[in-house]
Every structure is written in structure tokens, then in C-alpha cells.
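Beneath this line is the structure, given in C-alpha cells, with notes to follow.
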Amino acid sequence: MILVDRWIDISEYLKEKKYASMEELMQKFQLSRSTVRRTLIAMEERNLLKRVRGGAEVVEDEVPLKIVDCENIFNTNKEAKIKIAKKAAQLIEDNDVIFIDSGSTCFYMIDHIESKGITVVTNGIVHIQKLMSKGINTYILGGYAKPEKNLIMGEDIINKIRVMNFDKVFLGTMGIDARSGFTTMMLEDGEVKKAVIKSSEKCYILADKSKFNVRRFYTYGEFNEATIITDSKIEFEDGRAKIIY
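Going by UniProt numbering, the sequence shown opens with residue 1, and the numbers climb by one from there.
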């Protein structure tokens with residue numbers, strides 16, 4: 001069961017029952033005691049339920065669960081992102097094993113994938129359903145979901161990625177800077193991207209013009225490690241960068 005789906009199912013169950021014991025949740029959702037305990041802790045941190053002795057109860061002033069609170073990010077420069085996504089999807093060949101990260105431009109790629117027999121690894125929450133609806137063989141990196149960031153994060157994700165081999169990887173970025181390379185604001189996201197780049201045959205960074213000449217806190221890649229795909233000519237003062245327009 002996908003982690004966010006589990007949260008939704010437990011939330012709906014508690015709305016109906018008002019209270020459920022640990023044993024009841026274990027039996028209902030076919031989960032171990034330790035998994036139920038971790039899930040309840042994570043849900044309580046987001047005010048989705050209240051843990052009580054022996055189980056959990058519904059939160060009366062419950063805040064609705066938002067799977068992704070990043071609608072503005074997905075809609076910003078949407079036309080440019082879709083144009084980039086189409087170019088990127090054309091690079092996928094039949095039977096490729098690829099990684100598609102949680103970025104919004106990478107999400108729009110999925111609509112335009114036509115290659116057959118591919119396997120996609122992803123850490124994007126909203127990406128999962130779209131990939132599966134297209135019948136694409138999908139591997140989901142396990143861990144805790146961060147719906148507000150559209151990310152699945154976990155301590156062992158890096159170790160899993162290190163033993164994987166990707167024909168191509170497609171990454172979003174928060175900034176592209178002549179001094180610092182490809183950058184992001186999130187350390188955890190940057191570590192995942194670093195590992196993915198090292199495990200890839202070819203790496204592509206999907207970036208609209210707003211990401212150029214922008215420097216964020218954490219560098220996850222250098223220009224010699226990836227090719228940038230963008231939608232139009234951009235003034236960028238670094239001859240090392242490989243760019244597909």
C-alpha cells in the first residue's frame with residue numbers, strides 16, 4: 001500500500017469509527033504493529049488523528065489531508081514545462097530503465113511517454129498514479145511521504161539508488177548557476193539527486209528559463225554530469241553547460 005493511500009484509508013476509517021485500537025488497525029489494513037505505530041505518529045504530527053492509549057481516535061477539528069500543497073508550483077510556467085516535457089519524453093527508448101524525480105516538469109513528461117516496455121523509478125507522490133494509469137511498470141522508492149513537497153523520503157532510499165542502474169534519469173531543479181551548477185534548497189532532495197546522477201548512463205535536467213542564473217543553497221550536480229533541456233534560448237554565461245533547446 002502506498003503510504004499516502006494508507007493515511008487516507010486510516011483517516012476515513014477513523015471518521016466512521018471515531019476510535020480504533022492498534023489490533024483493529026493491524027487486522028483491518030494487514031500491517032505489523034511497528035508499521036501501525038510509525039504511521040500513527042506521522043499522522044498525528046500532521047493533525048490527522050490523535051493517538052490515545054492502545055490506539056487512535058478521530059480529530060474533531062480535523063484539517064483536511066492535502067496530498068500535494070504545491071498547485072502553484074505545478075501551474076507556474078506550465079506551457080514552458082509541457083514543451084520541455086515533450087522533448088524529454090522523446091529521448092526515452094523502448095525497454096529503458098529510467099528515473100523520473102518529483103519535479104513538476106518531470107510530472108508533465110508522463111503524459112507524453114510512448115516508449116514500450118520501460119520501467120520507471122520515482123519518488124514523486126502524484127507521479128505514481130499517473131504512471132500506473134498508463135500501464136507503465138513503476139517502482140516506488142519506499143519511505144515517508146511529504147505531501148506538501150510531493151516527495152517520498154527515507155533513510156535507506158540513497159542505499160537503494162546506489163545499487164540501481166538507470167539508462168536515463170530526468171531531474172527537476174530549483175536553480176542553475178555558473179558558479180554552483182545545479183542547485184536545490186532541500187538537502188534530502190539534493191542527496192537523492194546526487195545518488196541518481198551517479199547511477200545513470202545519461203542525465204537530463206528539465207528547466208524552464210526561470211531556473212537559469214539562480215543559485216540555491218545546496219549543489220547536487222555539475223555541468224559535466226548532465227544535459228539541460230529547456231524551452232527557449234537563454235542568456236547563460238557558462239560554456240560548460242550542455243543545453244538542448
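We put the CB at the ideal spot given by N, CA and C, even for glycine.
Inset, instruction - For Ser115, collect the residues of the same chain with a Cβ closer than 7 Å to its Cβ; drop the 5 residues on either side in sequence, then sort them by chain order. - result: Numbered from its first residue, the sequence shown carries residue 115 at position 115. Hits under 7 Å: Ile92, Glu93, Asp94 and Asp96.
Legend entry - Proximity of Phe170 and Cys106 at Cβ, strictly below 8 Å: Looking up residue 170 in the sequence shown gives position 170. Looking up residue 106 in the sequence shown gives position 106. Their beta carbons are under 8 Å apart, which means Phe170 touches Cys106 by this criterion.
Inset, instruction - Just mark Thr76 as buried or exposed, buried being the case when its beta carbon has 16 or more other beta carbons within 10 Å. - result: Mapped onto the sequence shown, residue 76 falls at position 76. Thr76 is exposed by the Cβ-count criterion.
Inset, instruction - Determine, using beta carbons only, whether Ile140 and Thr119 come nearer to each other than 8 Å. - result: Against the sequence shown, residue 140 aligns to sequence position 140. Against the sequence shown, residue 119 aligns to sequence position 119. Result no, Cβ atoms of Ile140 and Thr119 do not sit closer than 8 Å.
Legend entry - Residues that Asn137 bridges to, as DSSP identifies them: As a first step, residue 137 is located in the sequence shown; it is residue number 137 there, counting from the start. Beta-bridge partners assigned by DSSP to Asn137: Thr119.
Legend entry - contact_flag[the stretch 214-226, the stretch 181-198] where n(CB pairs < 8 Å) is 3 or more: Counting Cβ pairs under 8 Å, three or more are found: they touch.
Legend entry - Sub-8 Å separation of Asn165 and Val126 beta-carbons: The sequence position of residue 165 within the sequence shown is 165, counting from 1. The sequence position of residue 126 within the sequence shown is 126, counting from 1. Here Asn165 is not near Val126, since their CB atoms are 8 Å or more apart.
Legend entry - Reduced DSSP secondary structure (H/G/I, E/B, other) of Val192: Residue numbering aside, residue 192 sits at position 192 when the sequence shown is read from its first letter. Val192: helix per DSSP, three-state reduction.
Legend entry - For Tyr245, the three-state DSSP class (helix, strand or coil): Here the question's residue 245 lines up with position 245 in the sequence shown. Tyr245 falls in the coil class under three-state DSSP.
Legend entry - Length at least 4, wholly inside the stretch 210-244: the alpha helix (DSSP H) runs in chain order: Within the stretch 210-244, not a single complete alpha helix (DSSP H) segment reaches 4 residues in length.
Inset, instruction - Would you decide whether Met185 is buried or exposed? Buried here means 16 or more other CB atoms lie within 10 Å of its CB. - result: Walking along the sequence shown from the start, residue 185 turns up at place 185. Its Cβ having fewer than 16 others within 10 Å, Met185 is exposed.
Inset, instruction - Could you pull the start and end residues of the beta strand (DSSP E) that Lys149 belongs to? - result: Residue numbering aside, residue 149 sits at position 149 when the sequence shown is read from its first letter. Neither: Lys149 is in no beta strand (DSSP E) and is coded neither H nor E.
Inset, instruction - Tell me whether Ala20 sits in a helix, a strand or coil according to DSSP, three-state version. - result: As a first step, residue 20 is located in the sequence shown; it is residue number 20 there, counting from the start. Here Ala20 sits in strand by DSSP.
Inset, instruction - Whole angstroms is fine: what's the gap from Ser102's alpha carbon to Gly172's? - result: For the purposes of this step, residue 102 is taken as the residue at position 102 of the sequence shown. For the purposes of this step, residue 172 is taken as the residue at position 172 of the sequence shown. Approximately 7 Å between the Cα atoms of the pair.
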